[in-house]
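J.: Please see the structure below; I have some questions.
There are 2 protein chains.
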Amino acid sequence: MRAPTIRDVAERAGVSKSLVSLVLRGSDQVRPEKRDAVLRAARELGYRPNAAARSLSEQRTRTVGVLLNDLRNPWFVDLLDGLNSLLHAGGLRMLLADARLNRRTGQDPADPLLDLRVDGLVVVGTLPDPAALGQVAERIPVVLAGSREPAPPGVDVVAGDDERGARLVAEHLIGLGHRRIAHIAGYGAVGELRRRSFEATMRRHGLAHEALVEPSDMTEEGGYRTTVRLLSRPDRPTAVFAVNDIAAIGVLSAAEELGLRVPRDLSVVGYDNTSIARLRHVWLTTVDNSSHELGRRAARCLLERFEGAGGAGRVQLAAPTLEIRGSTAPVP
Amino acid sequence: MRAPTIRDVAERAGVSKSLVSLVLRGSDQVRPEKRDAVLRAARELGYRPNAAARSLSEQRTRTVGVLLNDLRNPWFVDLLDGLNSLLHAGGLRMLLADARLNRRTGQDPADPLLDLRVDGLVVVGTLPDPAALGQVAERIPVVLAGSREPAPPGVDVVAGDDERGARLVAEHLIGLGHRRIAHIAGYGAVGELRRRSFEATMRRHGLAHEALVEPSDMTEEGGYRTTVRLLSRPDRPTAVFAVNDIAAIGVLSAAEELGLRVPRDLSVVGYDNTSIARLRHVWLTTVDNSSHELGRRAARCLLERFEGAGGAGRVQLAAPTLEIRGSTAPVP
DNA sequence: GCCCCTCTTTGGACCGTTCCAGAACCTGTC
DNA sequence: GACAGGTTCTGGAACGGTCCAAAGAGGGGC
Numbered sequence: 001m002r003a004p005t006i007r008d009v010a011e012r013a014g015v016s017k018s019l020v021s022l023v024l025r026g027s028d029q030v031r032p033e034k035r036d037a038v039l040r041a042a043r044e045l046g047y048r049p050n051a052a053a054r055s056l057s058e059q060r061t062r063t064v065g066v067l068l069n070d071l072r073n074p075w076f077v078d079l080l081d082g083l084n085s086l087l088h089a090g091g092l093r094m095l096l097a098d099a100r101l102n103r104r105t106g107q108d109p110a111d112p113l114l115d116l117r118v119d120g121l122v123v124v125g126t127l128p129d130p131a132a133l134g135q136v137a138e139r140i141p142v143v144l145a146g147s148r149e150p151a152p153p154g155v156d157v158v159a160g161d162d163e164r165g166a167r168l169v170a171e172h173l174i175g176l177g178h179r180r181i182a183h184i185a186g187y188g189a190v191g192e193l194r195r196r197s198f199e200a201t202m203r204r205h206g207l208a209h210e211a212l213v214e215p216s217d218m219t220e221e222g223g224y225r226t227t228v229r230l231l232s233r234p235d236r237p238t239a240v241f242a243v244n245d246i247a248a249i250g251v252l253s254a255a256e257e258l259g260l261r262v263p264r265d266l267s268v269v270g271y272d273n274t275s276i277a278r279l280r281h282v283w284l285t286t287v288d289n290s291s292h293e294l295g296r297r298a299a300r301c302l303l304e305r306f307e308g309a310g311g312a313g314r315v316q317l318a319a320p321t322l323e324i325r326g327s328t329a330p331v332p
Numbered sequence: 001m002r003a004p005t006i007r008d009v010a011e012r013a014g015v016s017k018s019l020v021s022l023v024l025r026g027s028d029q030v031r032p033e034k035r036d037a038v039l040r041a042a043r044e045l046g047y048r049p050n051a052a053a054r055s056l057s058e059q060r061t062r063t064v065g066v067l068l069n070d071l072r073n074p075w076f077v078d079l080l081d082g083l084n085s086l087l088h089a090g091g092l093r094m095l096l097a098d099a100r101l102n103r104r105t106g107q108d109p110a111d112p113l114l115d116l117r118v119d120g121l122v123v124v125g126t127l128p129d130p131a132a133l134g135q136v137a138e139r140i141p142v143v144l145a146g147s148r149e150p151a152p153p154g155v156d157v158v159a160g161d162d163e164r165g166a167r168l169v170a171e172h173l174i175g176l177g178h179r180r181i182a183h184i185a186g187y188g189a190v191g192e193l194r195r196r197s198f199e200a201t202m203r204r205h206g207l208a209h210e211a212l213v214e215p216s217d218m219t220e221e222g223g224y225r226t227t228v229r230l231l232s233r234p235d236r237p238t239a240v241f242a243v244n245d246i247a248a249i250g251v252l253s254a255a256e257e258l259g260l261r262v263p264r265d266l267s268v269v270g271y272d273n274t275s276i277a278r279l280r281h282v283w284l285t286t287v288d289n290s291s292h293e294l295g296r297r298a299a300r301c302l303l304e305r306f307e308g309a310g311g312a313g314r315v316q317l318a319a320p321t322l323e324i325r326g327s328t329a330p331v332p
């Protein structure tokens with residue numbers, strides 16, 4: 001008992017398969033009685049369109065592939081929401097793939113999506129293989145969302161303005177009277193931009209020599225260790241700006257362990273406004289990337305390219321905002 | 001410039017399309033020279049197989065659909081890992097869909113996956129529409145993973161043993177000397193089982209009248225509010241067992257706000273061992289569902305059904321373990 | 001030289017759709 | 001009643017693979 005096809009529906013409704021196809025695609029060139037007969041037959045048989053057959057014939061899938069790089073850090077959820085809202089309005093579906101899961105295969109994590117011939121690709125976060133991505137971009141629209149890695153030609157980039165975000169953080173802390181401020185830096189384009197902007201802002205306020213920058217790995221563990229080191233210095237900072245929320249959680253832990261109260265003894269700021277930062281128990285001052293808006297912009301990029309807009313890849317930056325919560329306070 | 005097909009490869013290699021197909025599927029009935037010629041031509045043209053065409057012809061997709069219900073609560077990540085490891089070994093790919101994102105469509109969230117004719121379906125967490133799922137199960141293997149909702153016939157269930165987990169928690173707290181213990185309960189099968197088992201265990205230890213059960217909604221906010229209420233009672237509990245980690249975070253916040261130190265003044269336990277519970281700043285005692293193992297079992301269910309194993313749906317429970325961290329201590 | 005057998009290779013049917021050219025059917029006009 | 005013009009409907013050719021029966025090539029035995 002195979003799944004019913006339009007031919008089965010056609011037979012039951014007493015019409016040709018072409019008419020069934022017409023009805024199912026919502027044509028208005030069909031007499032109402034026939035339409036009803038077809039729809040009824042389809043319902044009775046439990047007919048479902050076969051996406052494979054359809055996309056083979058239509059030469060497109062009406063599907064956008066979304067490549068996530070790590071499901072563990074849920075900063076991308078709002079972005080997906082925004083992305084979905086516009087894509088869905090445009091009649092497109094989203095299919096997710098996790099790069100970390102598919103990594104073991106030794107192949108490109110986007111392969112399953114590309115074999116399915118998705119009409120477009122959104123890479124969320126750090127990108128897997130820039131060269132491969134460039135090749136993909138020759139065939140279908142590709143958007144890199146949420147990360148400002150240098151993109152191959154033809155790839156659009158939609159990301160938060162990390163420089164602006166880091167500046168907001170530094171100015172917030174300086175405004176609270178902090179002078180000796182540490183930054184737990186990250187890697188990649190994101191880490192680089194945030195660090196540079198932090199340093200530049202400190203310099204602009206004449207605090208160049210008060211800025212303490214320590215490299216780290218953007219994990220909780222990294223944030224913790226680096227902070228333990230920082231806070232054991234004789235000239236310990238009164239505020240710490242971590243490259244992301246996860247690292248900031250590590251900072252909180254370290255402070256707690258060393259008997260410092262946040263924010264009374266130490267101000268802490270994160271980045272990304274993840275759901276963790278919003279937990280009351282954490283209540284972390286952080287930077288909001290307006291991810292929902294980023295997702296919408298990514299969708300708009302794709303939709304425009306589908307409409308035939310060509311050209312080189314553009315870079316769009318969204319203005320982040322500072323989300324002031326309970327982990328920052330005036331310097332004692 | 002359409003994407004190259006096997007016919008293009010065939011032409012370039014000077015062979016028939018059938019031979020190309022043979023080579024690409026790894027047949028050993030092909031002379032080495034021809035094989036090399038084909039592989040070279042494919043490489044030079046940047047050939048990619050077309051999954052739609054293949055699955056149309058093969059009548060299967062070698063793809064398993066995974067339906068997630070909410071990406072925001074990342075308890076399922078380990079489960080996916082386990083699932084993927086076995087499926088991948090079996091030559092199957094995974095495709096993810098988020099039920100929350102597709103909900104707006106007014107259709108079943110599994111539709112995109114079903115239209116793609118996935119060979120099997122894994123529903124992670126609370127299931128969307130039991131009736132619809134039963135229909136699906138008539139055509140392809142379906143596994144419900146991580147949730148013990150009553151499953152339609154033919155659907156396998158793989159979940160943690162909530163009764164055992166809740167018992168472990170209750171016994172742990174009782175063993176620490178706690179008598180007056182509150183449970184912040186949840187809803188659904190999961191909430192029900194954990195609550196009942198908690199109550200039963202308390203009864204078994206002659207503490208039936210010391211058990212305080214408060215219903216809640218499994219969110220941080222819910223955990224917070226309920227705890228504020230609980231802790232303002234004259235006979236306030238010395239320990240709180242929350243139905244999941246997220247609610248437990250709310251408990252921590254409430255305790256903090258009311259000036260109680262955890263674990264000195266109040267012991268708190270969660271459930272699920274999410275990455276949040278592992279954060280040093282939180283360091284929550286919780287129950288580990290061995291999600292990775294759950295994922296592997298779910299994969300095994302699917303693989304067996306693919307091999308032709310029929311029969312009614314089975315229910316498999318994995319034994320959870322207690323993860324004792326810093327949020328529980330002997331009663332003062 | 002012929003036949004048989006095994007190893008390679010090939011053309012064509014098929015999978016379930018869409019799309020298109022044209023057939024069939026109306027309706028109205030002369 | 002013939003014809004034009006529009007509306008509905010239909011058969012067949014794609015789409016890009018897999019699968020299968022059968023053709024071709026090559027070797028060995030007589």
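Top to bottom, those sequences are chains A and B.
Under the working numbering, think of the first position of the first sequence as 1, with each following residue one higher.
Under the working numbering, think of the first position of the second sequence as 1, with each following residue one higher.
Positions of the beta carbon are idealized from the N, C-alpha and C atoms, including for glycine.
What distance in whole Å lies between the Cβ atoms of L284 (chain B) and G270 (chain B), which are believed to be in contact at a cut-off of 8 Å?
T.: Along the second sequence, read from residue 1 onward, the residue named residue 270 (chain B) stands at position 270. Along the second sequence, read from residue 1 onward, the residue named residue 284 (chain B) stands at position 284. Confirmed, about 5 Å.
J.: Could you say which of A:G14, A:A239 and A:D36 lies nearest to H384 (chain A) if we only look at CA atoms?
T.: Since the displayed chain A opens at 1 and closes at 332, residue 384 (chain A) lies outside it and no answer follows.
J.: Which residue comes first and which comes last in the beta strand (DSSP E) that contains V184 (chain B)?
T.: The sequence position of residue 184 (chain B) within the second sequence is 184, counting from 1. The displayed chain sequence assigns Ile, not Val, to residue 184 (chain B). Residues I181 to A185.
J.: Residue range of the alpha helix (DSSP H) that D36 (chain A) falls in?
T.: Stepping through the first sequence from its first residue, residue 36 (chain A) is reached at position 36. First-last of the alpha helix (DSSP H) with D36 (chain A): P32 to L45.
J.: So which residues on chain A does R139 (chain B) lean against when the C-beta distance must stay under 7 Å?
T.: Taking the first residue of the second sequence as 1, we reach residue 139 (chain B) at position 139. Neighbours of R139 (chain B) on chain A, chain order: A3.
J.: What did DSSP end up calling V143 (chain B) once you bin it into helix, strand or coil?
T.: Translated into positions along the second sequence, residue 143 (chain B) becomes position 143. Three-state result, V143 (chain B): strand.
J.: Cα separation between L193 (chain A) and P332 (chain B)?
T.: Within the first sequence, the letter at position 193 stands for residue 193 (chain A). Within the second sequence, the letter at position 332 stands for residue 332 (chain B). Approximately 50 Å between the Cα atoms of the pair.
J.: Mind listing the chain B neighbours of L266 (chain A)? Cutoff is C-beta to C-beta under 9 Å, in chain order.
T.: Residue 266 (chain A) sits at position 266 when you count from the first residue of the first sequence. Near L266 (chain A) there are no residues of chain B at all, since even the closest Cβ is about 13 Å away, more than 9 Å.
J.: When Cβ atoms are compared, which residues of the segment 199-219 of chain B fall closer than 7 Å to chain A?
T.: none
J.: Would you call the CB atoms of V9 (chain A) and A42 (chain A) closer than 7 Å?
T.: In the first sequence, counting from the first residue as 1, residue 9 (chain A) sits at position 9. In the first sequence, counting from the first residue as 1, residue 42 (chain A) sits at position 42. Contact flag set, yes.
J.: Beta-carbon of S55 (chain A) versus every beta-carbon of chain B: anything under 7 Å?
T.: Residue numbering aside, residue 55 (chain A) sits at position 55 when the first sequence is read from its first letter. So yes, S55 (chain A) belongs to the interface.
J.: Do V64 (chain B) and V118 (chain B) have their C-beta atoms within less than 7 Å of each other?
T.: On the second sequence, position 64 is the one that residue 64 (chain B) refers to. On the second sequence, position 118 is the one that residue 118 (chain B) refers to. Yes, the Cβ-Cβ distance between V64 (chain B) and V118 (chain B) is below 7 Å.
J.: Are the C-beta atoms of S275 (chain A) and some chain B residue less than 7 Å apart?
T.: Translated into positions along the first sequence, residue 275 (chain A) becomes position 275. For S275 (chain A), the answer is yes, since a Cβ of chain B falls inside 7 Å of its Cβ.
J.: Check whether the Cβ atoms of L260 (chain A) and L266 (chain A) lie closer than 7 Å to each other.
T.: The residue labelled residue 260 (chain A) in the question sits at position 260 within the first sequence. The residue labelled residue 266 (chain A) in the question sits at position 266 within the first sequence. Yes, Cβ-Cβ distance for L260 (chain A) and L266 (chain A) is below 7 Å.
J.: Per DSSP, what kind of secondary structure is L398 (chain A) in: helix, strand or coil?
T.: Any question about residue 398 (chain A) goes unanswered here, given that chain A covers just 1 to 332.
J.: For a test of the three-state rule: what should DSSP assign to P215 (chain A), helix, strand or coil?
T.: By 1-based counting over the first sequence, the position of residue 215 (chain A) is 215. Strand at P215 (chain A).
J.: Would you kindly report the start and end of the unbroken alpha helix (DSSP H) that includes S275 (chain B)?
T.: In the second sequence, counting from the first residue as 1, residue 275 (chain B) sits at position 275. Segment S275 to R278, the alpha helix (DSSP H) holding S275 (chain B).
J.: Would you say the segment 86-98 of chain B touches the segment 85-96 of chain A, given that touching needs at least three Cβ pairs under 8 Å?
T.: yes
J.: Are there 16 or more other CB atoms within 10 angstroms of the CB of S290 (chain B), so buried, or fewer, so exposed?
T.: Taking the first residue of the second sequence as position 1, residue 290 (chain B) is located at position 290. Buried is the call here.
J.: With a threshold of 16 other CB atoms inside 10 Å of the CB of S232 (chain A), please say whether the residue is buried or exposed.
T.: For the purposes of this step, residue 232 (chain A) is taken as the residue at position 232 of the first sequence. S232 (chain A) should be labelled exposed.
J.: Mind checking if N244 (chain B) is an interface residue toward chain A, Cβ cutoff 7 Å exclusive?
T.: Sequence index remark: in the second sequence, residue 244 (chain B) carries index 244 (1-based). Closer than 7 Å: no.
J.: Who are the Cβ neighbours of L71 (chain B) in its own chain at under 6 Å, not counting the five residues just before and after it?
T.: Numbered from 1 along the second sequence, position 71 holds the residue referred to as residue 71 (chain B). D98.
J.: Start and end of the beta strand (DSSP E) containing L267 (chain B)?
T.: Residue 267 (chain B) sits at position 267 when you count from the first residue of the second sequence. The sequence given here has Ser at residue 267 (chain B), not Leu. Where S267 (chain B) is concerned, the enclosing beta strand (DSSP E) stretches over S267 to V269.
J.: For a test of the three-state rule: what should DSSP assign to A312 (chain A), helix, strand or coil?
T.: Counting from one through the first sequence, the residue named residue 312 (chain A) turns up at place 312. Note: A312 (chain A) maps to coil in three-state DSSP.
J.: Please state the DSSP three-state secondary structure of L317 (chain A).
T.: Within the first sequence, the letter at position 317 stands for residue 317 (chain A). Looking at L317 (chain A) - three-state DSSP - the assignment turns out to be strand.
J.: Below 8 Å on the Cβ atoms is my contact criterion, and I expect R297 (chain B) with V158 (chain B) to pass it. Report the Cβ-Cβ distance as a whole number of Å.
T.: Numbered from its first residue, the second sequence carries residue 297 (chain B) at position 297. Numbered from its first residue, the second sequence carries residue 158 (chain B) at position 158. Right, their Cβ atoms sit about 5 Å apart.
J.: Just to confirm the assignment, what range does the alpha helix (DSSP H) spanning L294 (chain B) have?
T.: Looking up residue 294 (chain B) in the second sequence gives position 294. That run of the alpha helix (DSSP H) goes S291 to F306.
J.: Which of helix, strand or coil does DSSP assign to D156 (chain B)?
T.: Translated into the one-based positions of the second sequence, residue 156 (chain B) becomes position 156. DSSP places D156 (chain B) in strand when its eight states are reduced to three.
J.: Which residues in the same chain as A137 (chain B) place their Cβ atom closer than 7 Å to its Cβ, once the five residues preceding and following it in sequence are excluded?
T.: On the second sequence, residue 137 (chain B) is found 137 positions in, with the first residue counted as 1. Taking A137 (chain B) as the centre and dropping the five residues before and after it, the same chain places the C-beta of P152, G154 and V155 closer than 7 Å to its C-beta, in chain order.
J.: Would L322 (chain A) and L168 (chain A) be called neighbours here (beta carbons separated by less than 7 Å)?
T.: Your numbering for residue 322 (chain A) matches position 322 in the first sequence. Your numbering for residue 168 (chain A) matches position 168 in the first sequence. Yes, the pair counts as a contact, with Cβ atoms nearer than the cut-off.
J.: Using a threshold of 7 Å, state whether the C-beta atoms of D272 (chain B) and D245 (chain B) are closer than that.
T.: Your numbering for residue 272 (chain B) matches position 272 in the second sequence. Your numbering for residue 245 (chain B) matches position 245 in the second sequence. One thing to note: D272 (chain B) has its Cβ within 7 Å of the Cβ of D245 (chain B).
J.: Beta-carbon within less than 8 Å of L79 (chain B)'s beta-carbon, same chain only, minus the 5 sequence neighbours each way: which residues are those?
T.: Against the second sequence, residue 79 (chain B) aligns to sequence position 79. Cβ within range, chain order: V124, A145, G146, S291, H292, L294, G295 and A298.
J.: Could you give the first and the last residue of the continuous alpha helix (DSSP H) run that contains P230 (chain B)?
T.: In the second sequence, the residue the question calls residue 230 (chain B) occupies position 230. Looking at the sequence shown, residue 230 (chain B) is not Pro but Leu. Segment E220 to L231, the alpha helix (DSSP H) holding L230 (chain B).
J.: Provide the residue(s) that pair with L114 (chain A) in DSSP beta bridges, ordered along the chain.
T.: Residue numbering aside, residue 114 (chain A) sits at position 114 when the first sequence is read from its first letter. DSSP, once it has assigned bridges, lists no residue as partnering L114 (chain A).
J.: Alpha carbon to alpha carbon, how far is I276 (chain A) from S197 (chain B)? Give it in angstroms, no decimals.
T.: Counting from 1 along the second sequence, the entry for residue 197 (chain B) is found at position 197. Counting from 1 along the first sequence, the entry for residue 276 (chain A) is found at position 276. Distance between the alpha carbons of S197 (chain B) and I276 (chain A) is about 30 Å.
J.: Rounded C-beta distance between A200 (chain A) and I181 (chain A)? I'm assuming under 8 Å.
T.: Translated into the one-based positions of the first sequence, residue 200 (chain A) becomes position 200. Translated into the one-based positions of the first sequence, residue 181 (chain A) becomes position 181. 13 Å between Cβ atoms; not a contact.
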